[in-house]
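Everything below concerns the one structure shown next.
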Amino acid sequence: MADWVKVGEVSELPPGEKKQVDLDGIEVALFNVEGEYFCIEDICTHDGAPLCHGRFSGEEITCPRHGARFSVKTGAALCMPAVEPTETYPVKVEGNDIMIEIDL
Numbered sequence: 001m002a003d004w005v006k007v008g009e010v011s012e013l014p015p016g017e018k019k020q021v022d023l024d025g026i027e028v029a030l031f032n033v034e035g036e037y038f039c040i041e042d043i044c045t046h047d048g049a050p051l052c053h054g055r056f057s058g059e060e061i062t063c064p065r066h067g068a069r070f071s072v073k074t075g076a077a078l079c080m081p082a083v084e085p086t087e088t089y090p091v092k093v094e095g096n097d098i099m100i101e102i103d104l
């Protein structure tokens, strides 16, 4: 059963910024897109690279190894060499806390 887990605070993630979070061995990447928060698994489905180390622009994150791009909103792979989407997680804000729903 999934639980809501705090992954950050609104005050530490301004628009256009990203944050990598380790949740008991599950790496996730948190993004602020114009005041909306999104969370994906922090793994390129092409080669396992941490996406959070790549360039974040608009609604896309680029894998730092081979340039695959992913939508931070949907997890969709947007270009080769990745063809599989990365996992996404529901996000909500409670006060100043950013929470995601995840099975730990």
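Reading the sequence shown from the start, the letters are residues 1 to 104 in full-length UniProt numbering.
Just so you know, even glycine gets a beta-carbon here, dropped at the ideal spot from N, CA and C.
(1) In whole angstroms, what separates the C-alpha of P14 from that of M1?
(2) Going by the beta-carbon positions, is the gap between I98 and L30 smaller than 8 angstroms?
(3) On a CA-only basis, which of Y37, G35, E87 is nearest L51? Give me that one, please.
(4) Quick test of your reading: V10 and L104, contact by CB under 8 angstroms. State the CB separation rounded to the nearest angstrom.
(5) Indicate whether R65 and L78 have their beta-carbon atoms separated by less than 8 angstroms.
If we stick to the structure as given:
(1) For the purposes of this step, residue 14 is taken as residue 14 along the sequence shown, with counting starting at 1. For the purposes of this step, residue 1 is taken as residue 1 along the sequence shown, with counting starting at 1. Each residue's alpha carbon lies about 31 angstroms from the other.
(2) On the sequence shown, position 98 is the one that residue 98 refers to. On the sequence shown, position 30 is the one that residue 30 refers to. In this structure, I98 lies near L30, with their beta-carbon atoms less than 8 angstroms apart.
(3) Start at 1 with the first residue of the sequence shown, and residue 51 comes out as number 51. The shortest Cα separation from L51 among Y37, G35, E87 belongs to E87.
(4) Position 10 of the sequence shown holds residue 10. Position 104 of the sequence shown holds residue 104. Not confirmed; about 22 angstroms, so no contact.
(5) On the sequence shown, position 65 is the one that residue 65 refers to. On the sequence shown, position 78 is the one that residue 78 refers to. Their beta carbons are not under 8 angstroms apart, which means R65 does not touch L78 by this criterion.
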